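Visitor: First the structure, then my questions, so here it is.
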Amino acid sequence: MKNNLYTAEAQATGGRSGQVRSSDCVIDMAMSTPEGLGGKKGATNPEQLFAAGYASCFQQALMVISQREGEKLDPASTVQCSVTLFKDGEAYGLSAVLDVDLKGVDPGKAADIVHKAHQICPYSVGTRGNMEVELRLNGQPAPVGN
């Protein structure tokens with residue numbers, strides 16, 4: 047049974063060259079096309095916001111799984127999320143790479159924790175089957191456990 051825990055609200059005006067604001071005004075930012083695609087400096091873009099949200103959410107999923115597995119996640123552990131915007135014919139799409147550094151965790155167990163986190167992370171669940179997401183451990187593909 048679905049149990050709604052939280053609903054975030056934000057409003058955008060002006061598209062990629064506009065403004066985004068959350069309903070509580072914590073986020074109130076200028077938006078721009080990425081600088082490398084002709085956009086202006088000093089403004090964020092949807093891909094950066096998505097990468098930040100996914101990295102944060104995946105880190106939380108790693109913390110949950112680590113605790114379930116009896117592992118203590120080192121506070122210095124990190125998740126680097128890269129989000130790529132691409133064009134495929136007339137459509138645009140996104141792909142992501144999650145590069146995880148679980149400091150102090152056995153590499154064999156780390157891969158298992160990463161894959162289990164990918165099963166419960168809301169961003170991973172929401173993108174599954176809709177966009178390519180690559181899992182890495184310290185820059186290398188995260189092997190699927192036995």
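This note's numbering puts the first residue of the sequence shown at 47, with every later residue one more than the last.
All residues carry an ideal CB built from backbone N, CA and C; glycine is no exception.
Source: prediction; values computed, not measured.
Please report how far the alpha carbon of Leu144 lies from the alpha carbon of Thr173, in whole angstroms.
Guide: 13 Å
Visitor: Just mark Leu210 as buried or exposed, buried being the case when its beta carbon has 16 or more other beta carbons within 10 Å.
Guide: No statement about residue 210 is possible, as the shown extent of the chain runs from 47 to 192 and does not include it.
Visitor: Nearest-angstrom Cα distance between Val146 and Ser170?
Guide: 14 Å
Visitor: Buried or exposed: Tyr52, going by 16 or more other Cβ atoms within 10 Å of its Cβ?
Guide: exposed
Visitor: Starting from the Cα of Ala58, find the closest Cα among Asn49, Asp74, Met47, Asn50 and give me that residue.
Guide: Looking at the Cα atoms, Asp74 is the closest of the given residues.
Visitor: Would you mind reading off the limits of the alpha helix (DSSP H) that contains Met109?
Guide: 92–114
Visitor: Would you say Glu93 and Val129 are within 8 Å of each other, going by their C-beta atoms?
Guide: yes
Visitor: Restricting to Cα atoms, I'd like to know which of Pro168, Asn176, His164 is closest to Leu183.
Guide: His164
Visitor: What residues in its chain sit with their C-beta under 7 Å from that of Gly139, if we drop five residues either side in the sequence?
Guide: Phe132, Met177
Visitor: Once DSSP output is grouped into helix, strand and coil, what is the label at Ser128?
Guide: strand
Visitor: Just to check my reading of the structure: Phe104 and Val125 have Cβ atoms closer than 8 Å, yes? What is that Cβ distance to the nearest angstrom?
Guide: 5 Å
Visitor: Flag this pair as yes or no: are the beta carbons of Lys86 and Ala122 separated by less than 8 Å?
Guide: Not closer than 8 Å, so no.
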